[in-house]
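Note sheet for the following structure.
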Amino acid sequence: MLSDEQYLRYAAQIATATVGEHGQQALARAQVTVVGLGGLGCAAAHYLAGAGIGRLTLLDADVVQLSNLQRQTLYSTADVGHAKADCAAKRLAAVNPTISLQAMQQRVTAANVCQLLSGSDLVLDCTDNLASRYLINDQCYALGIPLLSAAAEGMNGQLLCLHPQHAHGCYQCLYPSGVQQSAACERVGVVGAVVGMMGTLQALQAVKVLTGTEVEWGKLFLFDGLNLSWQSLNLPRSVQCPRCGGNDGN
Amino acid sequence: MEINVNGRPLTAVADLSLQQLLQQQGVNGKAIAVAINDDVVHREQWPTLTLQPGDRVTLVTVVAGG
Ligand SMILES: [Zn+2]
Chain D
793 MLSDEQYLRY AAQIATATVG EHGQQALARA QVTVVGLGGL GCAAAHYLAG
843 AGIGRLTLLD ADVVQLSNLQ RQTLYSTADV GHAKADCAAK RLAAVNPTIS
893 LQAMQQRVTA ANVCQLLSGS DLVLDCTDNL ASRYLINDQC YALGIPLLSA
943 AAEGMNGQLL CLHPQHAHGC YQCLYPSGVQ QSAACERVGV VGAVVGMMGT
993 LQALQAVKVL TGTEVEWGKL FLFDGLNLSW QSLNLPRSVQ CPRCGGNDGN
Chain W
338 MEINVNGRPL TAVADLSLQQ LLQQQGVNGK AIAVAINDDV VHREQWPTLT
388 LQPGDRVTLV TVVAGG
């Protein structure tokens, strides 16, 4: 049962056919982990907190820097030098004090990733490096947790929706170990609205997944912010993939 | 034969493999994923996959920023 306050707070999304009352209850029961609180994570976590995700776990080892404020919308100038996890949790608790927020100033490592992601209904990969992305993909497949992985650079965004119980490829199938980023992130740069849009899309997909709405798994969505165009690609499973390969691979 | 690479038309010789196309185009294969007609093609298949007339090739830059 939803409380009177919940009916008021979430009235706009309860009114939609996608969420409704049952969907709202499902969101309240959900546990979602957001790994990385940069441009993607700020946008995604803000919408998820607002939407009433019951338990939201936020992970980031970094502190806020002045150069983050162009795109990382949960932080203010006064937050510079403070832990992103703490600042984000404080801001989100102000947005929605009725949800449970757990913020940890942690980087995912091979040693801690299992413990950090266990118990999640859904994981959002909002990190900024390939090493973390491989770790998160591996652990989500090991634990059977669906994964919404987004990335952005320059004017381009990518969103990959992965479900270990479906027979499509995984992050490692798309970008096998040994691939290289074309250039360092700092030099390529990113337009704030592009990375914010990709994080927003992670939140949108999360709400759909958690409310039982059908989403297209195993798709890579490519956004071109210059021409405002989209392309979606199918990601089949690779038999050579050390993570998901084998059954149904090609 | 006529193919299309990232939205641009390209005239290519017949029986060209995907691997050969990437070499011709000077593409760093380590920094991309590739799709043909909207299906990602795994890199172990690049040498043996022969392009067909009308194929749409999409080169996807590795993006990991966040
Ligand atoms: Zn795989």
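Order-wise, the sequence lines are chains D and W. When we follow this note's numbering, the leftmost residue of the first sequence carries the number 793, and every step to the right adds one. When we follow this note's numbering, the leftmost residue of the second sequence carries the number 338, and every step to the right adds one. Note that beta-carbon positions come from the ideal geometry of N, C-alpha and C, so glycine has one too. Small disclaimer: the values here were computed from a predicted structure and weren't measured.
> Hey, is LEU1027(D)'s beta-carbon within less than 8 Å of any beta-carbon in chain W?
Replying inline: Counted from its first residue, the first sequence places residue 1027(D) at position 235. Yes, because at least one Cβ of chain W sits closer than 8 Å to the Cβ of LEU1027(D).
> What residues match up with VAL915(D) in a beta bridge as DSSP calls it?
Replying inline: Position 123 of the first sequence, counting from 1, holds the residue named residue 915(D). Its beta-bridge partners are THR825(D) and LEU939(D).
> Just how far apart, CA to CA, sit MET896(D) and GLN356(W)?
Replying inline: Position 104 of the first sequence, counted from the first residue, corresponds to residue 896(D). Position 19 of the second sequence, counted from the first residue, corresponds to residue 356(W). Going from the Cα of MET896(D) to the Cα of GLN356(W) covers about 44 Å.
>> Cutting at 7 Å between CB atoms, please list the residues of its own chain near PRO346(W), excluding the five before and the five after it.
In response: Start at 1 with the first residue of the second sequence, and residue 346(W) comes out as number 9. Around PRO346(W): GLU339.
> In three-state DSSP terms, what is MET896(D)?
Replying inline: Position 104 of the first sequence, counting from 1, holds the residue named residue 896(D). Of the three classes helix, strand and coil, the one that applies to MET896(D) here is strand, per DSSP.
> Can you list the residues of chain D that ASP392(W) reaches, using a CB-CB cut of under 8 Å?
Replying inline: Looking up residue 392(W) in the second sequence gives position 55. Within 8 Å Cβ-Cβ: nothing; ASP392(W) doesn't reach chain D, min ~14 Å.
>> According to DSSP, CYS953(D) sits in a beta bridge with which residue or residues?
In response: Here residue 953(D) corresponds to residue number 161 of the first sequence, with the count starting at 1. Answer is LEU940(D) and LYS1011(D), bridged to CYS953(D).
> What does VAL342(W) touch in chain D if you count any residue whose Cβ is under 7 Å from its own?
Replying inline: Numbered from its first residue, the second sequence carries residue 342(W) at position 5. Per Cβ cutoff of 7 Å: no residues; VAL342(W) is ~13 Å from chain D at best.
> Nearest to ALA985(D) by alpha carbon, out of VAL1007(D), THR901(D) and PHE1015(D)?
Replying inline: Translated into the one-based positions of the first sequence, residue 985(D) becomes position 193. Looking at the Cα atoms, PHE1015(D) is the closest of the given residues.
> Taking the alpha carbon of VAL971(D) as the point to measure from, which residue in GLN361(W), LYS367(W), THR385(W) and TRP383(W) has its own alpha carbon closest?
Replying inline: Counting from one through the first sequence, the residue named residue 971(D) turns up at place 179. If we check each option's Cα against that of VAL971(D), LYS367(W) comes out closest.
>> I'd like to know if the region 833-850 of chain D and the region 865-874 of chain D are in contact, where contact means that at least 3 CB-CB pairs between them fall below 8 Å.
In response: yes
> Counting only beta-carbon atoms, is SER859(D) nearer than 8 Å to chain W?
Replying inline: Reading the first sequence from its first residue, position 67 is the one you call residue 859(D). Taking Cβ atoms only, chain W never reaches closer than 8 Å to SER859(D), which makes this a no.
> In chain order, what residues of the same chain lie with their CB nearer than 8 Å to the CB of VAL399(W), ignoring the 5 residues before and after it?
Replying inline: What you label residue 399(W) is simply residue 62 of the second sequence in a count that begins at 1. So the list reads ALA368, ILE369 and ALA370, once near-sequence residues are dropped.
>> For VAL350(W), count the other beta carbons within 10 Å of its own beta carbon; 16 or more makes it buried, fewer makes it exposed. Which is it?
In response: Mapped onto the second sequence, residue 350(W) falls at position 13. So VAL350(W) counts as exposed.
> Are the C-beta of ARG1035(D) and some C-beta of chain W separated by less than 8 Å?
Replying inline: Translated into the one-based positions of the first sequence, residue 1035(D) becomes position 243. Closer than 8 Å: no.
> List, in order along the chain, the chain D residues whose C-beta lies closer than 7 Å to that of ARG380(W)?
Replying inline: Here residue 380(W) is taken as the residue at index 43 of the second sequence, counted from 1. What ARG380(W) touches in chain D: PRO968.
>> Rounding to the nearest angstrom, what Cα-Cα distance links TRP1009(D) and ARG883(D) in this structure?
In response: Locating residue 1009(D) in the first sequence gives position 217, where the first residue counts as 1. Locating residue 883(D) in the first sequence gives position 91, where the first residue counts as 1. Cα to Cα, TRP1009(D) sits roughly 32 Å from ARG883(D).
> Measuring CA to CA, which of LEU916(D), GLN898(D), THR890(D) and ALA959(D) is closest to CYS1033(D)?
Replying inline: As a working note, residue 1033(D) is residue 241 in the first sequence. Looking at the Cα atoms, ALA959(D) is the closest of the given residues.
>> Quick check: is any heavy atom of ligand 1 less than 7 Å from the C-beta of ARG1029(D)?
In response: Reading the first sequence from its first residue, position 237 is the one you call residue 1029(D). Answer for ARG1029(D): yes, Cβ within range of ligand 1.
>> Relative to the C-alpha of LEU396(W), which candidate in ASP852(D), LEU848(D), PRO938(D) and GLN1023(D) has its C-alpha closest?
In response: Counted from its first residue, the second sequence places residue 396(W) at position 59. Nearest option by C-alpha distance: GLN1023(D).
> Is any beta-carbon of chain D found at less than 8 Å from that of VAL364(W)?
Replying inline: Here residue 364(W) is taken as the residue at index 27 of the second sequence, counted from 1. No, VAL364(W) lies away from the interface with chain D (no Cβ there is under 8 Å from its Cβ).
> Where does VAL397(W) sit, in a helix, a strand or coil, going by DSSP?
Replying inline: Sequence index remark: in the second sequence, residue 397(W) carries index 60 (1-based). Here VAL397(W) sits in strand by DSSP.
> What does VAL987(D) reach in chain W if we use C-beta pairs closer than 9 Å?
Replying inline: To locate residue 987(D), count along the first sequence from 1; it is residue 195. GLY402 and GLY403, listed in chain order.
> In three-state terms, what does DSSP make of ASP376(W)?
Replying inline: Residue numbering aside, residue 376(W) sits at position 39 when the second sequence is read from its first letter. Strand.
> CB TYR819(D) to CB GLY846(D), shorter than 8 Å?
Replying inline: To locate residue 819(D), count along the first sequence from 1; it is residue 27. To locate residue 846(D), count along the first sequence from 1; it is residue 54. What sits at residue 819(D) in the sequence shown is Leu, not Tyr. Result yes, Cβ atoms of LEU819(D) and GLY846(D) sit closer than 8 Å.
>> Using a Cβ-Cβ cutoff of less than 8 Å, which residues in the same chain neighbour THR901(D) once the five nearest sequence positions on both sides are dropped?
In response: On the first sequence, position 109 is the one that residue 901(D) refers to. Hits under 8 Å: LEU927.
> Where ARG380(W) and GLY844(D) are concerned, what is the direct C-alpha to C-alpha distance, given to the nearest angstrom?
Replying inline: Stepping through the second sequence from its first residue, residue 380(W) is reached at position 43. Stepping through the first sequence from its first residue, residue 844(D) is reached at position 52. Spanning the two alpha carbons is a distance of roughly 42 Å.
> Which of the residues in the region 1008-1019 of chain D, read from start to end, lie with their CB under 9 Å from any CB of chain W?
Replying inline: LEU1012 and LEU1014
> In three-state DSSP terms, what is ILE369(W)?
Replying inline: As a working mapping, residue 369(W) is identified with position 32 in the second sequence. Correct three-state label for ILE369(W): strand.
>> Tell me the DSSP secondary structure of LEU774(D) in three-state form.
In response: The shown model of chain D, from 793 to 1042, leaves out residue 774(D), and the question about it has no answer.
> So, is the C-beta of VAL399(W) closer than 8 Å to a C-beta in chain D?
Replying inline: By 1-based counting over the second sequence, the position of residue 399(W) is 62. Yes, VAL399(W) counts as interfacial toward chain D.
>> Residues of the region 922-945 of chain D in Cβ contact with chain W at a cutoff of 8 Å, in chain order, please.
In response: LEU922, ARG925, ALA942, ALA943, ALA944 and GLU945
>> Using a Cβ-Cβ distance cut-off of 8 Å, determine whether THR385(W) contacts chain D.
In response: As a working note, residue 385(W) is residue 48 in the second sequence. So no, THR385(W) is outside the interface.
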